């Protein structure tokens, strides 16, 4: 490949042997930066090598701080940084296809097509603070395109003058990042030939206690996103989204679990 790729992934209280993403990436020849947010020793330092860099975060500091540490470790090198969750199966041809998409689009940021059981997870559409799924890539334009971190490829040069907002812990880091990139006139494109499959824990209410903990994080991060967006309309939409998710977890989710 003529383009230099770097893989970044965050792991939490899991050994790398149990990470689907790491298992997919370790034989690709790509340099991997693992941000370890674990709160206990999972023996991941044993995986350190010339090509695998274990960045201990000293506990669960969230995604934004972990991403920033990885970005700083790559600082000054040319290429594209690709971000992955720890439970994503990365296809063998991911980097080959992504290189072709970069050459074809000339984009600074590329979003692979990420699917769950309901269809497209990413790319998605955003209007203000309202995020919605698409049924076709034809629905996207340079103003409404957004997406999730999983599989996202970002030109390393972008981070010469940018760091993730560390006030965000887990949610909406990706939408905030892409919003900031639009303001910088960075080109964002869908990588149409790159496909990933993923499950999303925020929509899983089978464990009510875990869902409530997850909701508390979402509420804090999404409320921040709405405040930063400004405007009464965005605040109202934010309040409605939070209320709907609260009801889903505490009432509908409880009924489903019975």
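Residue numbers (my numbering): 509 to 766. Glycine included, C-beta positions come from ideal geometry on N, C-alpha and C. Remember, it's a predicted structure, so these values are computed and weren't measured experimentally.
- prompt: Under a Cβ-count criterion, where at least 16 other Cβ atoms within 10 Å of its own Cβ denotes burial, should residue 596 be classed as buried or exposed?
  reply: buried
Burial state of residue 649, where buried means 16 or more other Cβ atoms lie within 10 Å: exposed
- prompt: Taking contact to mean at least 3 C-beta pairs separated by less than 8 Å, is the segment 714-728 in contact with the segment 697-705?
  reply: no
message: Under DSSP, the beta strand (DSSP E) around residue 704 begins and ends at which residues?
response: 696-705
task: Pick out the complete alpha helix (DSSP H) segments inside the segment 567-640, 4 residues or longer, and give them in chain order.
output: 571-582, 602-613
query: Should residue 538 and residue 559 be called a contact, given that it needs their Cβ atoms to be closer than 9 Å?
result: yes
- prompt: Can you give the Cα-Cα distance for residue 769 and residue 659, rounded to whole angstroms?
  reply: Outside the shown range of the chain (509 to 766) lies residue 769, about which nothing can therefore be said.
- request: Would you kindly check if the distance between the Cβ of residue 607 and the Cβ of residue 517 is under 9 Å?
  value: no
message: Looking at the secondary structure, which residues open and close the beta strand (DSSP E) in which residue 515 lies?
response: 513-519
query: Between residue 556 and the rest of its own chain, which residues show a CB-CB distance below 8 Å, the 5 nearest in sequence each way excluded?
result: 562
field: Alpha-carbon to alpha-carbon, residue 697 and residue 662
entry: 11 Å
- request: Would you give the residue range spanned by the alpha helix (DSSP H) that residue 743 belongs to?
  value: 740-755
Close Cβ partners of residue 622 (< 7 Å) along its chain, the five nearest in sequence each way excluded: 629, 630, 656, 658, 659, 704, 706
query: Whose C-beta lies closer than 8 Å to the C-beta of residue 594 among residues of the same chain, with five residues either side of it excluded?
result: 517, 518, 519, 520, 522, 527, 528, 529, 530
message: Let me make sure I understand the geometry here. Which of 719, 618, 725 has the alpha-carbon closest to that of residue 759?
response: 719
- request: In the DSSP assignment, find the beta strand (DSSP E) that holds residue 562 and state where it starts and stops.
  value: 560-564
task: Taking only the alpha-carbon atoms, compute the straight-line gap between residue 727 and residue 566 and give it to the nearest angstrom.
output: 25 Å
- request: Grab the span of the beta strand (DSSP E) containing residue 663 for me, first residue to last.
  value: 661-663
task: Could you tell me how far apart the beta carbons of residue 572 and residue 681 are, in whole angstroms, since I believe they sit closer than 8 Å?
output: 5 Å
message: Is it the case that the segment 637-648 contacts the segment 610-618, given that we only count it when at least three CB pairs across the two stretches are under 8 Å?
response: no
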